[in-house]
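Those sequence lines, one after another, are chains W and G.
For the first sequence, our numbering assigns the number 8 to the initial residue and increments by one for each residue that follows.
For the second sequence, our numbering assigns the number 8 to the initial residue and increments by one for each residue that follows.
2 protein chains.
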Amino acid sequence: MSTPSASHKRGKAVRDGVLAAAVNELLNTGFDGVTIASVAEAAGVHVTSVYRRWRTKEQLITDALLNHIDPAIEIPDTGDLRRDLVELTSNLHESLSSPQSKAMLRLASMPLEIDRLEEARRRVLDARMDAMGVVLDRAVERGEIDAAVDRRLALEFLHAPIYTRVLLTRDQVDEAYIGGLVDLLLDGVRAH
Amino acid sequence: MSTPSASHKRGKAVRDGVLAAAVNELLNTGFDGVTIASVAEAAGVHVTSVYRRWRTKEQLITDALLNHIDPAIEIPDTGDLRRDLVELTSNLHESLSSPQSKAMLRLASMPLEIDRLEEARRRVLDARMDAMGVVLDRAVERGEIDAAVDRRLALEFLHAPIYTRVLLTRDQVDEAYIGGLVDLLLDGVRAH
Chain W
8 MSTPSASHKR GKAVRDGVLA AAVNELLNTG FDGVTIASVA EAAGVHVTSV
58 YRRWRTKEQL ITDALLNHID PAIEIPDTGD LRRDLVELTS NLHESLSSPQ
108 SKAMLRLASM PLEIDRLEEA RRRVLDARMD AMGVVLDRAV ERGEIDAAVD
158 RRLALEFLHA PIYTRVLLTR DQVDEAYIGG LVDLLLDGVR AH
Chain G
8 MSTPSASHKR GKAVRDGVLA AAVNELLNTG FDGVTIASVA EAAGVHVTSV
58 YRRWRTKEQL ITDALLNHID PAIEIPDTGD LRRDLVELTS NLHESLSSPQ
108 SKAMLRLASM PLEIDRLEEA RRRVLDARMD AMGVVLDRAV ERGEIDAAVD
158 RRLALEFLHA PIYTRVLLTR DQVDEAYIGG LVDLLLDGVR AH
């Protein structure tokens, strides 16, 4: 195997720099204000270096969005479902709390007509859901939950309130809140 | 008691027309693009008629937002908690599904620094939550759920996936999905 060449490394550095600049430009000026020229200038590269990799602003923004949404949230494995779910939800909340992440969430909520964006967003969400589903798979093996439980629905149910608070109501998300959500998911409200 | 004067009625018609025009302008151009002049023109009134009621664009947009978010979602009373929750959630989804409502949700997610907006948004959310809580109060009276259940948390838990799908993932919300959410809220995932 050959080691990465110097030009390959330089290419990756340019790519990362341009994508980071694109995220910052989005934060500062919003989608309409971003241009390939403004991103190139912010990244300190020639505009042709950007056009070589991304033909349109839409492609550049799509990659910046996907590059920023890191699907690798840490997946806990404490041996106990409740603790796993509390940790997982805290990790998700932390990953959404930076100004960059919030700006990206807002961007994701815009009705942008970008070819690859819808498919790419779907792929990232799917990958994240699959990764988190492991926590529920382990709970099935331990007999804590029934195998018939719809794991994606359960995770969506648990995490939608976090998205809603971060993006919409801006109510605080703390340990007590996350604990309350997990308990509701585990036991429901019905009197037994 | 006197009946409303003609000038009072005319004033209300102007107000409603301006607020509706403000919503449309927001939909068409986004927050940055709206001006009091463009709203006045779209509403077919003189710009001074707008300035007389709203001193700033921010005040106008706040009122347009509040005027549009109608907190009066129909509250079902079928005598059965599951059916009540399914109907309530369907009603919420329906109220969020118009292009205007989606645009308003996106606007609500923007980090706008508008004086009265935060307080007004809180007031609307509180009023809506109190109205919907009646469904859970009745279930407590019937013995279907325990009085200790946190009603606001339960409703937030049930409705956050609707907001998230409408605003963020754009996955479909249908009867089966809503039924699945309600069953999760009622019984949780824990094996008994």
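For glycine and all other residues, C-beta sits at the position ideal for the given N, C-alpha and C.
Being a predicted model, the structure only gives us computed values, none of them experimental.
Counting contacts by CB-CB distance shorter than 8 Å, is residue i in contact with chain W?
{"i": "P168/G", "result": "yes"}
{"i": "R197/G", "result": "yes"}
{"i": "L160/G", "result": "yes"}
{"i": "M139/G", "result": "no"}
{"i": "I68/G", "result": "no"}
{"i": "A127/G", "result": "no"}
{"i": "L233/G", "result": "Coverage of chain G is limited to positions 8 through 199, which leaves residue 233/G absent and any answer about it impossible."}
{"i": "D228/G", "result": "The requested residue 228/G is not part of the displayed model; chain G covers only 8 to 199."}
{"i": "M206/G", "result": "Since the first residue shown for chain G is 8 and the last is 199, residue 206/G is missing from the structure and cannot be characterised."}
{"i": "E32/G", "result": "no"}
{"i": "D153/G", "result": "yes"}
{"i": "E65/G", "result": "no"}
{"i": "E48/G", "result": "no"}
{"i": "V189/G", "result": "no"}
{"i": "R148/G", "result": "Checking the sequence, you will find Glu at residue 148/G rather than Arg. Closer than 8 Å: no."}
{"i": "E163/G", "result": "yes"}
{"i": "L103/G", "result": "no"}
{"i": "L132/G", "result": "yes"}
{"i": "S12/G", "result": "no"}
Taking residue i and residue j to be in contact with their CB atoms under 8 Å, please state how far apart those CB atoms are, rounded to whole angstroms.
{"i": "V196/W", "j": "V156/G", "result": "5 Å"}
{"i": "Q107/G", "j": "L192/G", "result": "In fact, because the Cβ distance is near 29 Å, the residues do not count as touching under 8 Å."}
{"i": "H75/W", "j": "V30/W", "result": "6 Å"}
{"i": "A146/G", "j": "L88/G", "result": "4 Å"}
{"i": "I82/W", "j": "L99/W", "result": "Not a contact, Cβ separation roughly 11 Å."}
{"i": "L103/G", "j": "V189/G", "result": "17 Å between Cβ atoms; not a contact."}
{"i": "G187/W", "j": "L160/G", "result": "5 Å"}
{"i": "L92/G", "j": "V142/G", "result": "7 Å"}
{"i": "I152/W", "j": "A27/G", "result": "Rounded, the Cβ-Cβ distance is 49 Å, inconsistent with contact."}
{"i": "R22/G", "j": "R60/G", "result": "7 Å"}
{"i": "A50/G", "j": "G24/G", "result": "5 Å"}
{"i": "A44/W", "j": "V54/W", "result": "5 Å"}
{"i": "S97/W", "j": "I185/W", "result": "6 Å"}
With which residues is residue i paired in a DSSP beta bridge?
{"i": "R197/W", "result": "I152/G"}
How would you call residue i, buried or exposed, if buried means at least 16 neighbouring beta carbons within 10 angstroms?
{"i": "P168/W", "result": "buried"}
{"i": "H166/W", "result": "buried"}
{"i": "S12/W", "result": "exposed"}
{"i": "R128/G", "result": "buried"}
{"i": "R163/G", "result": "Before going on, a small fix: residue 163/G reads as Glu here, not Arg. Buried, since its Cβ has 16 or more Cβ neighbours within 10 Å."}
{"i": "R113/G", "result": "buried"}
{"i": "E182/G", "result": "exposed"}
{"i": "E125/G", "result": "exposed"}
{"i": "M8/G", "result": "Confidence is the limiting factor: at M8/G the pLDDT is only 47, short of 50, which leaves the residue's position unreliable, though a coordinate-based value still follows. Exposed, since its Cβ has fewer than 16 Cβ neighbours within 10 Å."}
{"i": "S105/W", "result": "exposed"}
{"i": "S14/W", "result": "exposed"}
{"i": "E101/G", "result": "exposed"}
{"i": "D70/W", "result": "buried"}
{"i": "T85/G", "result": "exposed"}
{"i": "T63/G", "result": "exposed"}
{"i": "E32/G", "result": "buried"}
{"i": "T171/W", "result": "buried"}
{"i": "R149/G", "result": "exposed"}
{"i": "A134/G", "result": "exposed"}
{"i": "R130/W", "result": "exposed"}
{"i": "A20/W", "result": "exposed"}
{"i": "R158/G", "result": "buried"}
Consider the Cβ of residue i: report whether some Cβ of chain G lies at a distance smaller than 8 Å.
{"i": "L193/W", "result": "yes"}
{"i": "L73/W", "result": "no"}
{"i": "R90/W", "result": "no"}
{"i": "I82/W", "result": "no"}
{"i": "D157/W", "result": "yes"}
{"i": "I43/W", "result": "no"}
{"i": "L114/W", "result": "no"}
{"i": "T171/W", "result": "yes"}
{"i": "L174/W", "result": "yes"}
{"i": "L95/W", "result": "no"}
What I want to know is whether the C-beta of residue i ends up closer than 7 Å to one or more non-hydrogen atoms of the ligand MG.
{"i": "A138/W", "result": "With respect to the ligand MG, the structure shown offers nothing to examine, as it has no ligands at all."}
- Item | Residues of the stretch 176–187 of chain G whose Cβ lies closer than 7 Å to any Cβ of chain B, in chain order | Among the protein chains of the structure shown, namely W and G, there is no chain B.
- Item | 3-residue-minimum beta strand (DSSP E) runs that sit fully inside the stretch 65–119 of chain W, ordered along the chain | none
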